[in-house]
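There are 2 protein chains.
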Amino acid sequence: MKKYVYLFSEGNKEMKALLGGKGANLAEMLSLGLPVPKGFTITTEACNKYYENQESLPESIQQEILETIKKLESITGKTFGDPENPLLLSVRSGAQASMPGMMDTILNLGMNDEVVSAFVKQTKNPRFVYDSYRRFIEMFSDVVKGIDKSYFESQIDLLKKEKNITSDLDLTEEDMYKLTNIFKEIYKKATMEEFPKDPREQLLQAVEAVFKSWNNERAIYYRKLNDIPNNWGTAVNIQEMVYGNRGENSGTGVAFTRNPATGENKLYGEYLMNAQGEDVVAGIRTPNPISKLESEMPLVYKEFENISKILENHYHDMQDMEFTIENGKLYMLQTRNGKRTGVSAIKIAVDMVHEGKIKEEDAILSVDPNQIDSLLHKTFDPKELSLKEPIVTGLAASPGAACGHLYFSAEEAIEAHKNGEKVVLARLETSPEDIEGMHHAEGILTIRGGMTSHAAVVARGMGKCCVSGCNEARIDIEKKLLIIKNKTFQEKDIISLDGSTGYVYDGAIKEIDPTISGDFKEFMSWVDRIKTLKIRANADNETDAKIALDFGAEGIGLVRTEHMFFERMRIFNFRKMILANDKEERKRFLEQILPYQQQDFENIYRAMKEKPVVIRYLDPPLHEFLPKTEEEIEELKNSLQITSEEMRNRMNALKEFNPMMGHRGCRLLITYEEIAIMQTKAVIKAAINVYKEGIYVVPEIMIPLTGDLKEFEFLQSIIIETAEQLMKDAQCNIKYEIGTMIEVPRSALLSGEIATKAQFFSFGTNDLTQFTYGFSRDDAGKFLNDYHEKLIFDQDPFSRIDEKGVGILMKVAITEARKVRPNISLGVCGEHGGEPKSIEFCQKLGLDYVSCSPYRVPIARVAAAQASIKANQSK
Amino acid sequence: MKKYVYLFSEGNKEMKALLGGKGANLAEMLSLGLPVPKGFTITTEACNKYYENQESLPESIQQEILETIKKLESITGKTFGDPENPLLLSVRSGAQASMPGMMDTILNLGMNDEVVSAFVKQTKNPRFVYDSYRRFIEMFSDVVKGIDKSYFESQIDLLKKEKNITSDLDLTEEDMYKLTNIFKEIYKKATMEEFPKDPREQLLQAVEAVFKSWNNERAIYYRKLNDIPNNWGTAVNIQEMVYGNRGENSGTGVAFTRNPATGENKLYGEYLMNAQGEDVVAGIRTPNPISKLESEMPLVYKEFENISKILENHYHDMQDMEFTIENGKLYMLQTRNGKRTGVSAIKIAVDMVHEGKIKEEDAILSVDPNQIDSLLHKTFDPKELSLKEPIVTGLAASPGAACGHLYFSAEEAIEAHKNGEKVVLARLETSPEDIEGMHHAEGILTIRGGMTSHAAVVARGMGKCCVSGCNEARIDIEKKLLIIKNKTFQEKDIISLDGSTGYVYDGAIKEIDPTISGDFKEFMSWVDRIKTLKIRANADNETDAKIALDFGAEGIGLVRTEHMFFERMRIFNFRKMILANDKEERKRFLEQILPYQQQDFENIYRAMKEKPVVIRYLDPPLHEFLPKTEEEIEELKNSLQITSEEMRNRMNALKEFNPMMGHRGCRLLITYEEIAIMQTKAVIKAAINVYKEGIYVVPEIMIPLTGDLKEFEFLQSIIIETAEQLMKDAQCNIKYEIGTMIEVPRSALLSGEIATKAQFFSFGTNDLTQFTYGFSRDDAGKFLNDYHEKLIFDQDPFSRIDEKGVGILMKVAITEARKVRPNISLGVCGEHGGEPKSIEFCQKLGLDYVSCSPYRVPIARVAAAQASIKANQSK
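So the sequence lines, in the order shown, correspond to chains D and S.
All residue numbers for the first sequence refer to the numbering used here, where the first residue is 449 and numbers rise by one.
All residue numbers for the second sequence refer to the numbering used here, where the first residue is 449 and numbers rise by one.
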């Protein structure tokens, strides 16, 4: 028969999936000989059984729990529910990953009136016992029955008012006794039942409540945010109580083996005497720093310091510990790898290598790649920040801190910035025309749009702070007002944005520039030595290219040529081109665009110093470039010398029902081959020019949205013909390659055929995800929340590659392509290229590189190194 | 070395792919001992080499041709270019499939001034020789140099005017001589070159011209229409000339072994004495019926009749033959399986079985399934039709003939039809709200939209005549006018539509009802005995279900439940539902819709008499149902008791960027599970009601757009819960199944997982094609024409399943699904289910059924039988 309950003595730290993190570590501490209150763990598999059994604990598991209680009784020499020598328990949840949001803890379980009166006799401390009893009733009511804590807390407040006292510590034994009765009454009113007397019933209800809390809204939301699968389930830890509130010789606390904010190698934490765990975090009494324990209880401190060293050395990582002191005896209640800031993570990792405690590989694995982000952006001065309250919260769309004068249009933002002002651009939502304004702003605030809205994606690409989807704020664009709750901001008012938290502040806050310490540099040097996947950047201009290089990019994986058209001067000619009446007119306007594009390429080539540069030809549907304001339309109409009606007709002709599945990518280039010719001229002429300067770049020309070999061949032959002619004219031989995006399912399926002609592939996982699922990123917002709430999706496939579906297509494409062209260069560009889990998957797939926004390059490097280490470990 | 040229004696009828149809059949006739002028064939592979070699014939192939000419010289005893005994040649194209649009024929090749004067001596017939010479110059100029024939013909007309004669036959030997010189001058003016004298040069230029014509616009267009791959290429046949214009004892003609219009078993054809082939078709002289040859040249007729029997028996099919009589001797120039009408095809097939000439299987294979269509629809009386000219041509969107009074709105059409008028509905384009009006019309004419526009798809579904995309016509909706060229039609004017040709006629034409003769019935009985694939129909109501049954459907493969909502009464409640403010309000409106939907299902169940019925739950995005006119919006707003602004907001909330990839299918049902519950109630309650009447239907509930097992499970559990409760309440046990569409690539990839829960699959190949290619049918129109013109697409993937891409996904899905559920029912619904080539592919895939519109069921049955026969043959 399957085992669903494990005594601590039966577990160890490797059994996290089954026992949860807390349970596995309690077992491990026990095996290290550390003082751990005795107990057992009900497994995560029992949690899944609970759900399979219509949210009810199967009879057999109930039996197994009660039998294990018997064992615990014999180990502790106490008896559950026995008034003479009662076994009292704590019940705590513990999933495989640390997971706030779930029901947490019930202490003192096993109490009832009979047990309590016996316990009074035994401890001779009635105040302590009734305090424990009322806490138990309150916690049980809250977590098992969902009765809000405020019902109970308000009664305590009332009592204190009556007695004119302020501290809980001033409540007498009488008061505590009174409270237990009041609390039982509250329970009865709310549930229409008596508070359960039978400890076994208390226990089973508590266990079910823990399992049930696995699927409460907050827990689901947390899992969604952190990509934790819904089917992991939680374990429950049942442990003999130890009491930090037993008197002045007792206490409780939490501590880290090193400083989680700075990484300093020194015990860091706090404790309270005569208190239970919740008091430390509740904030009613101010805890003492852990260092004070050294003078207060030198022996206990010595023992704790010793244990913390044992644990750090044993786990090879900084530990986050909970402890309780009962009548002068130390008990360890929990240990786990401690959460830490990015700075701290790097320092601890590097220090521990220097201390000889871990290897460089372990150091790399100990850092969450996403934390690197905080090292690369401005932050607010923590001292000033602690004095400020955010006035509203939006989505933390792109990290960093920004403060500046408020402007409501790109034009005004640019103007103000040119006049020397620091600017925050506030928009309902942004569109490609705002890009230049975004460049000039310190930060961007939008009212609509999610984490993958235009503003968010572009800002992340620029490494610019952005708070998006700030629904609670309103913008009056006419009057140039930003209205947040009762406060109205006008143009030029100063606000501050924190893109790492989504907070918006009134007024200015001092910013701190990112400092890349020596530790970070050393750390990244290990990363680069170990990783095998190459990291390229998506960069559309010289500036981005330089940033990418500074951040360690090994090439450019994606130049989106369309982004070059949005600058004021160019977009005008570009619009004339797309609205041209015929091929001849279109060619004329293209000729005007060519010099700009060529210049851009030259600058990028020079910046990249012969590193690879992949240039994708025009991809989006043309109507994305259409003018929007009446003024712009009028100006364009006049320049084209056509009537308003004709202008409307031409603009309407570009409308599409499903632009994502419309006339875009290579389809556009096939219809308007003159665009492909112009772009080839720009790519090759630029290469010829820098060649003359001694820079030998090999441009990689990438055709978007290929779905059929013939599409590729058609454009390939146009490109080759154009390029060969240019080289002949210039009497100069440039190497170049022609490859394609793999972003529609059909090209993945037929990759073997396409690879006979294409010299490289880059997976456009954004589009590939859209087409494989059959939903567009722009529209999925309408149902993705429902999908998360109804447990249909564990993760957002636009954030992390869907390995099961999209991943299969990638695998097929890679296998078939390598069959016909073994050395074909294979990469990923798009948002997934900067996401650590997806990078690990790319390593498994055997890709050559990933390409991401410049600001994610360091993150990608760390993720790649981790992927490489894991790959070696699993060999 | 590869062989590119074959003497007729080296070929046979099986070598069509290499020698083309004409070449293979000439070889075959030779081997049967029939009188065929000697010659050889240049292969289709040479054509492909020509294109690989930048549209130029490789040197080696030129050599091979000239060497084979030497062999032909030795066979014929004549010498190419020899003035004494010249070998003169015909050059004719011949692809694997008969393919109009390519360059066809050059006769008399090998002539030059020297040869001609010798030939005059030899034949003693200078008029004949100069006639042949001027024809040669004209044909060569036309097909090799692209000089329009009118330049030459106008000179003949001029000469006849000068001489005041009307018939070419009255032109003298002098006139002919004069014309040869004039024609050479025209050639020189147009090309700036002398007319080539060297027969070898003439020959090689002619061969290249044939190859080049493979890719002229008309040929490409024809291939696109007929799904002929671009890479087949054409062969060229070089043959010794025989002359039907050598005098009164010579002649030429074409004939069929049976009547191609009626199928009557009697030689059918026509001939002209003293003429070359082109004269028969040119219409200058009226040819004689073939029967006249019996009295004119009884021996030749006898021989021809005999040969025609030999050929029909040998080819086991009705033959279409060309022949020439030179000085009383009969030569066969071509034979091929004859094209025929649907009626004729059936009669010939059945007759030949009765005559013991072919087996039933061969009879089935001899009929083009698409031809069956003409047997199922009204047609115009051919006698009346022959007197009419179409006034404009649109797309032949849905077959059949219709004539009626013109109306411009659905409402007015319905009204007029209720008053007893026959109605033709003319619309700019149709939308779902026109469906009721379309039902009441005899035929539908639209100005915009292609073969897969709403009007076309719905009309085909209804079996209703439709001419769509009639771009040359205009509609003035305000004034109720249809303007075609110079003619303006008003409301109530009578027009006639031929949906099989796309022709529109002014006034009424007599219609003929389809007659299903005894032959047809017998033929279909063989079909049903032989086919293994089951044929279901897509039917959304009782009427369609009954038609489907009459046409031999074995079940319903798709009930599109959304189509039930468009009737005037229902759409109002449905719109209230989709604009409801919250779940409760939505449920209330759903309750109002339930009885209608339930009634519809009951009627369908009764009609289908326990045959399978697959019911797909609500699929399209909700905004498709939104009201469009101001009136409708106003009415709805009042009924919902909300403000105009609120109304606008709710309508806007349903807008999507890419509706095809938006909130639709199961995504909608997951967000609004109350819709799934309502539909389940309707399905199950209806089943319970007919169960009580003794009809034991097993409804197959189909979830649309599934991409993940969890989506399916979520809805499955809601459906089961609802169904079980209903059955419990009714104390009645109904069997039902729950399955899913496979229409997004991800569900195909993960079909093994989904099949663990889904009881059946139906491939939605329309959507699967859209997502696999990444383009939508609504938008692809913008570039698909370019794709065909630029040879990127051979066929339209929306008409015929893309076997290479979409087909792979289907194969994977089938294999994986059968692994976990060996007996899973697998079908295809959607447009491809009625397309013969796609049906053959479905047979190969091992599907259980295809489902198509009721009017295509007989076509699908024939296609399925053919697929089955082919599958057995290839075993």
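Built from N, CA and C at the ideal position, the CB exists for glycine as well.
C-beta atoms of L854 (chain D) and D941 (chain D) nearer than 8 Å: For the purposes of this step, residue 854 (chain D) is taken as residue 406 along the first sequence, with counting starting at 1. For the purposes of this step, residue 941 (chain D) is taken as residue 493 along the first sequence, with counting starting at 1. Cβ distance < 8 Å, so L854 (chain D) and D941 (chain D) count as in contact.
Does the beta carbon of T1188 (chain D) sit closer than 8 Å to a beta carbon anywhere in chain S? Position 740 of the first sequence, counting from 1, holds the residue named residue 1188 (chain D). Chain S, which has no Cβ nearer than 8 Å to the Cβ of T1188 (chain D), makes this no.
Discussion item. Could you check whether E808 (chain D) and V801 (chain D) sit closer than 8 Å to each other, using their CB atoms as the reference points?
Written reply: Position 353 of the first sequence, counted from the first residue, corresponds to residue 801 (chain D). Position 360 of the first sequence, counted from the first residue, corresponds to residue 808 (chain D). In contact: V801 (chain D) and E808 (chain D) (Cβ atoms closer than 8 Å).
| task | Quick one: grab the DSSP three-state call for D765 (chain S). | result | Taking the first residue of the second sequence as 1, we reach residue 765 (chain S) at position 317. Here D765 (chain S) sits in coil by DSSP.
Q. What do you get for N722 (chain D), buried or exposed, if any count of 16 or more other CB atoms within 10 angstroms of its CB means buried?
A. Reading the first sequence from its first residue, position 274 is the one you call residue 722 (chain D). It counts as buried.
Problem - Terminal residues of the beta strand (DSSP E) in which G1324 (chain S) lies - result: Because chain S here runs from 449 to 1323, residue 1324 (chain S) falls outside it and cannot be looked at.
Nearest neighbour of N1137 (chain S), chosen from S:Y1053, S:E1122 and S:Y691 [CA to CA]
In the second sequence, counting from the first residue as 1, residue 1137 (chain S) sits at position 689. Per the Cα distances, S:Y1053.
Inset, instruction - Can you tell me the Cβ-Cβ gap for L873 (chain S) and A849 (chain S), rounded? I've got them flagged as a contact below 8 Å. - result: What you label residue 873 (chain S) is simply residue 425 of the second sequence in a count that begins at 1. What you label residue 849 (chain S) is simply residue 401 of the second sequence in a count that begins at 1. Going by Cβ atoms, the distance from L873 (chain S) to A849 (chain S) rounds to 15 Å, so no, they are not a contact pair.
field: Rounded distance between the beta-carbons of T1077 (chain S) and Y951 (chain S), thought under 8 Å
entry: Here residue 951 (chain S) is taken as the residue at index 503 of the second sequence, counted from 1. Here residue 1077 (chain S) is taken as the residue at index 629 of the second sequence, counted from 1. Not a contact, Cβ separation roughly 33 Å.
Next on the checklist: Output needed for S792 (chain D): all residues of its chain with C-beta closer than 7 Å, excluding positions within five of it in sequence on either side, in chain order.
Outcome noted: Your numbering for residue 792 (chain D) matches position 344 in the first sequence. Excluding residues within five positions, the ones whose Cβ falls inside 7 Å are N707, P708, A709, T710 and G711.
**Asked** What does N1106 (chain D) touch in chain S if you count any residue whose Cβ is under 7 Å from its own?
**Response** Walking along the first sequence from the start, residue 1106 (chain D) turns up at place 658. By Cβ distance, chain S contributes N1106, P1107, M1108, M1109, S1224, D1226 and D1227.
Chain D contact residues for L1257 (chain S), given Cβ-Cβ distances below 8 Å | Here residue 1257 (chain S) is taken as the residue at index 809 of the second sequence, counted from 1. Chain D residues near L1257 (chain S): P1193 and L1197.
Exercise for the section: Scan the stretch 1204 to 1218 of chain D for residues whose Cβ lies nearer than 8 Å to a Cβ of chain S and list them as they occur along the chain. Expected result: D1215 and Q1218
Exercise. State the beta-bridge partners of T682 (chain S) as determined by DSSP.
Key: Residue mapping note: residue 682 (chain S) aligns to position 234 of the second sequence, counting from 1. BP columns for T682 (chain S) point to S:A543.
Residues that F937 (chain S) bridges to, as DSSP identifies them = Translated into positions along the second sequence, residue 937 (chain S) becomes position 489. Answer is S:L930.
Practice task
Assign M972 (chain D) to one of three DSSP states: helix, strand, or coil.
Solution key: Indexing the first sequence from 1 puts residue 972 (chain D) at position 524. Reduced to three states, the DSSP call for M972 (chain D) is helix.
Short-range partners of chain S found in the stretch 1277 to 1293 of chain D, where Cβ spacing is below 8 Å: none
- prompt: What in chain D is Cβ-close to K1267 (chain S), meaning under 7 Å?
  reply: Indexing the second sequence from 1 puts residue 1267 (chain S) at position 819. Neighbours of K1267 (chain S) on chain D: none; closest Cβ ~15 Å, over 7 Å.
Which whole-angstrom value is the C-beta distance of F1105 (chain D) and D1227 (chain S), which I expect to be below 8 Å? Taking the first residue of the first sequence as position 1, residue 1105 (chain D) is located at position 657. Taking the first residue of the second sequence as position 1, residue 1227 (chain S) is located at position 779. The pair is a contact, with the Cβ atoms about 6 Å apart (cut-off 8 Å).
query: What residues of chain S sit near D1156 (chain D), judged by a beta carbon separation below 7 Å?
result: Within the first sequence, residue 1156 (chain D) is the residue found at index 708, counting from 1. Going along chain S in sequence order, the residues near D1156 (chain D) (Cβ under 7 Å) are I1240.
Neighbour list for E1159 (chain S) in chain D, Cβ cutoff strictly below 7 Å
Here residue 1159 (chain S) corresponds to residue number 711 of the second sequence, with the count starting at 1. Correct list: I1240.
Practice item. Can you check the stretch 1085 to 1165 of chain D for any alpha helix (DSSP H) of at least 4 residues that lies completely inside it and give the ranges in chain order? Key: 1092 to 1101, 1114 to 1119 and 1121 to 1140
Of all the options S:V591, S:L778, S:I1081 and S:R875, which has the alpha carbon lying nearest to the alpha carbon of L930 (chain S)?
Working through the second sequence from its first residue, we reach residue 930 (chain S) at position 482. Nearest C-alpha to L930 (chain S): S:R875.
Exercise for the section: Output the distance between the C-alpha atoms of E884 (chain D) and C851 (chain D), rounded to the nearest integer angstrom. Expected result: Walking along the first sequence from the start, residue 884 (chain D) turns up at place 436. Walking along the first sequence from the start, residue 851 (chain D) turns up at place 403. One C-alpha to the other measures close to 18 Å.
- Query: In its own chain, which residues sit with a C-beta less than 7 Å from the C-beta of F1231 (chain S), not counting the 5 before and 5 after it?
  - Reply: For the purposes of this step, residue 1231 (chain S) is taken as residue 783 along the second sequence, with counting starting at 1. Once the five neighbours on either side are set aside, F1231 (chain S) has no close Cβ partner at all.
When the Cα atoms are used, what is the spatial distance from R1034 (chain S) to E1122 (chain S)?
By 1-based counting over the second sequence, the position of residue 1034 (chain S) is 586. By 1-based counting over the second sequence, the position of residue 1122 (chain S) is 674. Taking the straight line joining both Cα atoms gives about 8 Å.
What does the Cβ neighbour count give for P1270 (chain S), buried or exposed, with the cut at 16 atoms within 10 Å? Here the question's residue 1270 (chain S) lines up with position 822 in the second sequence. Exposed, by the Cβ-count rule.
(Q) Are the CB atoms of D675 (chain S) and R1304 (chain S) within a distance shorter than 8 Å? (A) The residue you call residue 1304 (chain S) lines up with position 856 of the second sequence. The residue you call residue 675 (chain S) lines up with position 227 of the second sequence. Contact flag unset, no.
- Run the CB neighbour count on Q938 (chain D), radius 10 Å, all protein chains shown included, and call it buried at 16 or more, exposed below. Here residue 938 (chain D) corresponds to residue number 490 of the first sequence, with the count starting at 1. Counting Cβ neighbours within 10 Å, Q938 (chain D) comes out exposed, since fewer than 16 surround it.
Along the stretch 1136 to 1154 of chain D, where does the CB come closer than 8 Å to a CB of chain S? Name the residues.
L1153
Rounded straight-line distance, which links the Cα of F567 (chain D) to that of D821 (chain D): As a working mapping, residue 821 (chain D) is identified with position 373 in the first sequence. As a working mapping, residue 567 (chain D) is identified with position 119 in the first sequence. Roughly 53 Å between the two C-alpha positions.
Looking at Q782 (chain D): is its Cβ nearer than 8 Å to the Cβ of N473 (chain D)?
Residue 782 (chain D) sits at position 334 when you count from the first residue of the first sequence. Residue 473 (chain D) sits at position 25 when you count from the first residue of the first sequence. The answer is yes: Cβ separation under 8 Å.
Q: Measuring only between beta-carbons, confirm whether D1325 (chain D) sits less than 8 Å from chain S.
A: Limits of chain D in this structure are 449 at one end and 1323 at the other, which puts residue 1325 (chain D) out of reach.
Looking only at its chain, what residues have a beta carbon closer than 7 Å to the beta carbon of F1289 (chain D), apart from the 5 residues adjacent to it on each side? Locating residue 1289 (chain D) in the first sequence gives position 841, counting from the first residue. Closer than 7 Å at the Cβ level, and outside the excluded window around F1289 (chain D), lie I1249, E1251 and G1255.
Compare the beta carbon distance of L720 (chain D) and E751 (chain D) with 8 Å and say whether it is the shorter of the two. Numbered from 1 along the first sequence, position 272 holds the residue referred to as residue 720 (chain D). Numbered from 1 along the first sequence, position 303 holds the residue referred to as residue 751 (chain D). For L720 (chain D) and E751 (chain D), no; Cβs fall outside 8 Å.
- request: Have a look at D:L652, D:I773, D:L747 and D:F659 and flag the residue whose alpha-carbon is nearest the alpha-carbon of V484 (chain D).
  value: Reading the first sequence from its first residue, position 36 is the one you call residue 484 (chain D). The option with the nearest alpha carbon to V484 (chain D) is D:I773.
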